[in-house]
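Novice: Residue numbers (the numbering used here), protein chains in the order written: chain A, 98 to 299; chain B, 98 to 299; chain C, 98 to 299; chain D, 98 to 299.
The structure's right below; bear with me while I get my questions together.
There are 4 protein chains.
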Amino acid sequence: MKKSFRKMMSQQSFAMNRLEAFSDGVFAIVITLLVLELRVPEVHDPAELVPGLKALLPKFVSFVVSFLYVTIYWINHHQLFHLIKRSNRGLFWLNSLFLMCLTFIPFPTALIGSYPQETAAVVFYGLAMLATAISFVLMKVYIVYETSLGEVKQPGPPVFYLAAGPFLYLAAVLLALVNTAFAIVIYLMIPVIYFFAGGIEE
Amino acid sequence: MKKSFRKMMSQQSFAMNRLEAFSDGVFAIVITLLVLELRVPEVHDPAELVPGLKALLPKFVSFVVSFLYVTIYWINHHQLFHLIKRSNRGLFWLNSLFLMCLTFIPFPTALIGSYPQETAAVVFYGLAMLATAISFVLMKVYIVYETSLGEVKQPGPPVFYLAAGPFLYLAAVLLALVNTAFAIVIYLMIPVIYFFAGGIEE
Amino acid sequence: MKKSFRKMMSQQSFAMNRLEAFSDGVFAIVITLLVLELRVPEVHDPAELVPGLKALLPKFVSFVVSFLYVTIYWINHHQLFHLIKRSNRGLFWLNSLFLMCLTFIPFPTALIGSYPQETAAVVFYGLAMLATAISFVLMKVYIVYETSLGEVKQPGPPVFYLAAGPFLYLAAVLLALVNTAFAIVIYLMIPVIYFFAGGIEE
Amino acid sequence: MKKSFRKMMSQQSFAMNRLEAFSDGVFAIVITLLVLELRVPEVHDPAELVPGLKALLPKFVSFVVSFLYVTIYWINHHQLFHLIKRSNRGLFWLNSLFLMCLTFIPFPTALIGSYPQETAAVVFYGLAMLATAISFVLMKVYIVYETSLGEVKQPGPPVFYLAAGPFLYLAAVLLALVNTAFAIVIYLMIPVIYFFAGGIEE
């Protein structure tokens with residue numbers, strides 16, 4: 098049963114360049130839609146405009162952080178797809194699962210930007226990012242174990258890196274239940290960690 | 098008269114890659130716009146945030162289901178265009194009709210997410226999906242019968258598959274008039290059916 | 098003076114494929130954004146949902162008509178860019194002017210969909226479409242007269258076709274001042290006229 | 098330390114065409130999203146529709162100006178990427194910083210369109226454009242000094258042009274504090290200046 102499922106998933110080869118171009122399109126759109134959550138404050142007295150803009154600060158921060166997350170996934174997605182020669186049904190569906198999580202990101206971004214001090218919003222953001230990170234790890238693991246995708250051109254990232262993303266988001270979600278500030282610090286640190294870790298990894 | 102219409106439609110060859118790239122762009126944008134229908138709940142008392150998010154559950158479900166539908170159409174569209182060598186005016190307009198139905202999908206998705214228990218919303222969703230399915234079948238049939246599009250590289254899908262999509266949506270629409278729950282079960286089952294049927298088909 | 102301006106415009110050659118790909122991206126996004134003007138009716142009594150959807154009928158019609166206009170411009174844009182071998186600064190800016198009109202289309206579409214019986218909305222829609230048509234004709238004329246863009250691969254469309262679009266929209270705007278129904282009939286007829294005229298033209 | 102950071106940034110070469118295609122996608126989406134800030138006026142008395150449209154005039158102007166800015170950046174971005182042969186980590190992140198500023202543009206555009214006479218809005222618009230201009234200059238400077246990106250195919254723009262954009266926006270921000278009209282004149286002049294300066298520069 099399990100074997101026939103795996104066989105089914107290895108059918109239907111897709112042109113890699115089409116799958117990459119389609120994913121790139123989704124990345125570009127998601128990254129650009131984030132700004133739509135920033136709404137101009139509606140004020141009646143001009144004196145309220147500056148306070149109104151200051152009140153948007155959490156939304157500006159969540160815009161920047163989510164922008165960086167999507168950018169980092171774009172790099173990782175490229176490096177991952179660069180490892181393989183062809184695609185199949187299994188990879189297609191795992192990629193679709195990942196893209197679904199990715200296209201969802203503007204919602205938790207708007208939520209945490211609107212309610213940065215509410216546990217529910219901070220946890221929700223973390224869970225959405227955790228789901229995205231897990232869907233990406235699933236793709237990574239599939240690519241390493243599914244030999245039919247063609248020779249892996251260079252060795253994949255070590256196991257440590259595979260689990261790092263989901264682990265950090267899980268930690269943030271759990272800490273958010275104690276104090277949302279802990280989680281927010283982790284959310285802000287993740288792009289910084291990636292930025293420097295990425296250099297060491299090579 | 099009919100003959101001259103058919104002749105008119107076979108004029109004006111389009112570059113296949115341009116038509117495919119344009120369609121891919123529309124697919125990527127539609128799939129990413131679905132999230133815009135998810136609006137952050139506006140609550141005044143923090144205690145209302147969790148109930149506010151729970152109330153969005155039907156919208157999350159309709160987001161996921163429509164995402165899967167668009168993804169499935171993307172695969173089918175690729176396989177269909179892979180069968181032919183060139184395009185013509187007739188195929189262009191049938192493809193445009195299909196893309197029009199596709200770009201419309203965010204509206205019925207938002208509608209059924211907002212009113213999941215209203216017959217009108219559940220029927221409207223089904224009718225929109227039925228129109229999309231019919232427009233896709235029209236393209237399929239055109240490709241099989243219009244020999245000027247170049248050799249069909251592999252045999253097309255059997256007639257049974259052609260009618261399966263429209264039939265399921267029609268059944269859902271009719272059942273929704275009796276009980277909306279029946280229709281919703283069908284809507285949820287369609288991606289699952291496709292997922293497994295797609296494997297058998299090969 | 099005039100001569101040096103023309104010389105300035107003929108500088109800076111752009112890769113045709115980049116310009117085409119960029120324009121195609123804008124076309125795909127505009128065509129997909131049209132749906133965002135369709136908002137789910139907010140009703141408190143379920144019995145109001147069907148009337149609420151019926152009230153959206155003018156918006157559905159304006160969605161379909163604008164979708165067809167953008168699609169027709171996409172075909173025409175392709176055929177136009179197929180005539181030339183290279184691009185220059187002048188063509189780039191005329192193309193940008195056209196794209197600006199194109200990206201504006203969702204606004205007049207929403208306006209006429211919201212106020213289909215108001216002269217101001219019907220005239221505004223016509224003026225926006227007139228501007229788009231004129232910007233397209235300017236590109237066509239430039240391509241025919243600017244020999245530095247490379248040999249025109251096939252003879253351009255006759256002068257009659259050049260003026261047909263702007264003339265029809267101008268007529269609609271003027272008739273709208275008498276009776277909006279006349280203008281709306283013209284708006285609905287234009288895609289039909291194009292559909293059949295396009296076949297004769299070849 | 099500084100040296101090892103620079104070394105780290107020169108790792109990880111990216112396919113230029115992927116980076117360009119991704120940036121082009123973001124450009125096309127930003128330019129098309131600007132229209133979403135134009136909302137149809139909600140009037141109850143038909144006689145209010147024309148005044149309602151006239152009240153949108155500042156939004157139409159800010160739409161046109163921001164459209165021109167994004168278009169000008171698109172040309173400059175192409176010319177810049179045309180100078181080099183390959184990409185690296187440093188260029189990727191500077192490009193991402195620029196794209197983040199670019200995707201943010203619809204917000205200040207909506208803000209100045211809503212409050213064209215408020216100092217806060219006019220200053221905010223200028224600051225957002227200043228940030229975008231600086232991020233672009235950083236990329237330019239990096240490309241000139243980072244020899245590992247491949248031979249610079251043609252000499253880069255003179256230093257004067259590098260500083261022109263940021264200088265003009267900075268001047269506008271400072272003048273806005275005195276009188277917003279001065280800043281708005283500069284905002285309107287920048288596309289005109291570019292249009293003519295671009296020709297002289299060649």
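Yeah, the Cβ is synthetic: ideal placement off N, Cα and C, and Gly gets one too.
From a predicted model like this one, the values you see are computed outputs, not experimental measurements.
Are the C-beta of D/A152 and some C-beta of chain A separated by less than 9 Å?
Specialist: Here residue 152 of chain D is taken as the residue at index 55 of the fourth sequence, counted from 1. Cβ-Cβ to chain A under 9 Å: no for D/A152.
Novice: Is the beta carbon of A/V140 less than 9 Å from the beta carbon of A/L146?
Specialist: Position 43 of the first sequence, counting from 1, holds the residue named residue 140 of chain A. Position 49 of the first sequence, counting from 1, holds the residue named residue 146 of chain A. Yes; because the gap between Cβ atoms is below 9 Å, this pair is in contact.
Novice: By a C-beta neighbour count over all protein chains shown, 10 Å radius and 16 as the cutoff for buried, is C/F124 buried or exposed?
Specialist: In the third sequence, the residue the question calls residue 124 of chain C occupies position 27. Answer is buried; the Cβ neighbour count reaches 16.
Novice: Between D/A112 and chain C, is there a C-beta pair that is closer than 9 Å?
Specialist: Taking the first residue of the fourth sequence as 1, we reach residue 112 of chain D at position 15. By this cut-off, D/A112 is not an interface position.
Novice: Determine the extent of the alpha helix (DSSP H) in which B/D121 is found, giving its start and end residues.
Specialist: What you label residue 121 of chain B is simply residue 24 of the second sequence in a count that begins at 1. Here the alpha helix (DSSP H) through B/D121 covers M113 to L130.
Novice: Within 9 Å of any Cβ in chain B, is that where the Cβ of A/F127 sits?
Specialist: Start at 1 with the first residue of the first sequence, and residue 127 of chain A comes out as number 30. Correcting the residue type first, residue 127 of chain A is Val in the shown sequence and not Phe. For A/V127, the answer is yes, since a Cβ of chain B falls inside 9 Å of its Cβ.
Novice: Taking C/I169 as the reference, give the member of B/T168, B/L150, B/L133 and B/W190 with the closest Cα.
Specialist: As a position in the third sequence, residue 169 of chain C is number 72, starting the count at 1. The candidate whose alpha carbon is nearest that of C/I169 is B/W190.
Novice: So, does the CB of B/A118 fall closer than 9 Å to a CB anywhere in chain A?
Specialist: For the purposes of this step, residue 118 of chain B is taken as the residue at position 21 of the second sequence. Chain A contact via Cβ: present.
Novice: Using the C-alpha atoms, what's the distance from C/Y242 back to B/I128?
Specialist: The count along the second sequence starts at 1 and reaches residue 128 of chain B at position 31. The count along the third sequence starts at 1 and reaches residue 242 of chain C at position 145. Distance between the alpha carbons of B/I128 and C/Y242 is about 42 Å.
Novice: Let me make sure I understand the geometry here. Which of D/H175, D/T200 and D/F195 has the alpha-carbon closest to that of C/M113?
Specialist: The residue labelled residue 113 of chain C in the question sits at position 16 within the third sequence. Ranking the options by Cα distance to C/M113, first place goes to D/H175.
Novice: Does the Cβ-Cβ distance between B/E134 and B/F178 come in under 9 Å?
Specialist: The residue labelled residue 134 of chain B in the question sits at position 37 within the second sequence. The residue labelled residue 178 of chain B in the question sits at position 81 within the second sequence. Not closer than 9 Å, so no.
Novice: Could you say which of A/P143, A/L272, A/P155 and A/N276 lies nearest to A/P213 if we only look at CA atoms?
Specialist: Residue mapping note: residue 213 of chain A aligns to position 116 of the first sequence, counting from 1. Ranking A/P143, A/L272, A/P155 and A/N276 by Cα distance to A/P213 puts A/P155 first.
Novice: Closer than 8 Å, Cβ to any Cβ of chain A: which residues of the stretch 168 to 201 of chain D, in chain order?
Specialist: Answer in chain order: R186, F189, W190, S193, L196, M197, T200 and F201.
Novice: Answer with yes or no whether the minimum CB distance from B/L133 to chain A is below 9 Å.
Specialist: Within the second sequence, residue 133 of chain B is the residue found at index 36, counting from 1. Judged by the 9 Å Cβ criterion, B/L133 is in contact with chain A.
Novice: Closest by CA to D/E290, which one among D/V162, D/R115, D/V158 and D/P148?
Specialist: The residue you call residue 290 of chain D lines up with position 193 of the fourth sequence. Here the sequence assigns Ile to residue 290 of chain D, which means Glu is not the residue at that position. The candidate whose alpha carbon is nearest that of D/I290 is D/V162.
Novice: Across the stretch 192 to 204 of chain C and the stretch 257 to 277 of chain C, are there enough close Cβ pairs to call them in contact, namely three or more that are closer than 8 Å?
Specialist: Contact between the stretch 192 to 204 of chain C and the stretch 257 to 277 of chain C is absent, because fewer than three Cβ pairs lie under 8 Å.
Novice: I'd like the ranges of any alpha helix (DSSP H) spanning at least 4 consecutive residues and lying wholly in the stretch 136 to 220 of chain C.
Specialist: Those alpha helix (DSSP H) runs which fall completely within the stretch 136 to 220 of chain C and span 4+ residues are 146 to 151, 154 to 179, 186 to 201 and 203 to 211.
Novice: Counting only beta-carbon atoms, is D/S211 nearer than 9 Å to chain A?
Specialist: As a first step, residue 211 of chain D must be located in the fourth sequence, where it is residue number 114. So, interface residue.
Novice: Taking all protein chains shown into account, do 16 or more other C-beta atoms lie within 10 angstroms of the C-beta of C/R183, making it buried, or fewer, making it exposed?
Specialist: Translated into positions along the third sequence, residue 183 of chain C becomes position 86. Result: exposed.
Novice: Mind checking C/K237: buried by the 16 CB within 10 Å criterion, or exposed?
Specialist: Translated into positions along the third sequence, residue 237 of chain C becomes position 140. That one is buried.
Novice: Checking contacts by CB at 9 Å: is A/A228 closer than that to chain B?
Specialist: Indexing the first sequence from 1 puts residue 228 of chain A at position 131. For A/A228, the answer is no, since every Cβ of chain B falls outside 9 Å of its Cβ.
Novice: Short of 6 Å in beta carbon distance, which residues of its chain neighbour C/G210, apart from the five on each side in sequence? Order them along the chain.
Specialist: Here residue 210 of chain C refers to the residue found at position 113 of the third sequence. For C/G210, where only same-chain residues beyond five positions count, the Cβ hits under 6 Å are P155, K156 and S159.
Novice: Which chain D residues are close to A/D142, counting only those with a beta carbon under 7 Å from its beta carbon?
Specialist: If you number the first sequence from 1, residue 142 of chain A lands on position 45. Neighbours of A/D142 on chain D: none; closest Cβ ~11 Å, over 7 Å.
Novice: Please state whether DSSP places B/E243 in a helix, a strand or coil.
Specialist: In the second sequence, residue 243 of chain B corresponds to position 146, counting from 1. In the structure shown, B/E243 sits in coil (DSSP, three-state: anything other than H, G, I, E or B).
Novice: Using a Cβ-Cβ cut-off of 8 Å (strictly less than) and excluding sequence neighbours within five positions of A/V270, which residues of its own chain qualify?
Specialist: Counted from its first residue, the first sequence places residue 270 of chain A at position 173. The residues are V220, G223, L224, L227 and A280.
Novice: Whose Cβ in chain A lies nearer than 9 Å to the Cβ of D/R115?
Specialist: Taking the first residue of the fourth sequence as 1, we reach residue 115 of chain D at position 18. Near D/R115 (Cβ distances below 9 Å), the residues of chain A are E117, D121 and H175.
Novice: So the candidates are C/P143, C/V282 and C/F195; which of them puts its Cα closest to the Cα of C/L235?
Specialist: Along the third sequence, read from residue 1 onward, the residue named residue 235 of chain C stands at position 138. Comparing Cα positions, the closest option is C/F195.
Novice: Distance, Cα to Cα, C/F292 vs B/L188?
Specialist: The residue you call residue 292 of chain C lines up with position 195 of the third sequence. The residue you call residue 188 of chain B lines up with position 91 of the second sequence. Answer to the nearest angstrom: the Cα atoms are 13 Å apart.
Novice: If you measure from the beta carbon of B/V241 to each beta carbon in chain A, is any gap under 9 Å?
Specialist: As a position in the second sequence, residue 241 of chain B is number 144, starting the count at 1. Taking Cβ atoms only, chain A never reaches closer than 9 Å to B/V241, which makes this a no.
Novice: Answer with yes or no whether the minimum CB distance from B/L165 to chain A is below 9 Å.
Specialist: Reading the second sequence from its first residue, position 68 is the one you call residue 165 of chain B. Answer yes: the Cβ-Cβ gap between B/L165 and chain A drops below 9 Å somewhere.
Novice: Tell me the rounded alpha-carbon separation between D/I126 and A/F233.
Specialist: Numbered from its first residue, the fourth sequence carries residue 126 of chain D at position 29. Numbered from its first residue, the first sequence carries residue 233 of chain A at position 136. Looking at the two C-alpha atoms, the distance is approximately 25 Å.
Novice: Using a cut-off of 9 Å between C-beta atoms, extract the partners of B/L224 located in chain C.
Specialist: Walking along the second sequence from the start, residue 224 of chain B turns up at place 127. Result: empty, since nearest Cβ-Cβ is about 11 Å, beyond 9 Å.
Novice: Less than 8 Å between the CB atoms is what I'm expecting for C/L208 and C/P288, so what's the real figure, rounded?
Specialist: If you number the third sequence from 1, residue 208 of chain C lands on position 111. If you number the third sequence from 1, residue 288 of chain C lands on position 191. About 19 Å separates the two Cβ atoms, so there is no contact after all.
Novice: Which residues in the same chain have their Cβ closer than 8 Å to the Cβ of D/T277, if we skip the five residues on either side of it in sequence?
Specialist: To locate residue 277 of chain D, count along the fourth sequence from 1; it is residue 180. Around D/T277: P213, Q214, E215, T216 and V219.
Novice: Could you tell me which chain A residues have their CB closer than 7 Å to the CB of D/L208, listed as they occur along the chain?
Specialist: The sequence position of residue 208 of chain D within the fourth sequence is 111, counting from 1. Ordered by position in chain A, the residues that pass the 7 Å Cβ test against D/L208 are V137.
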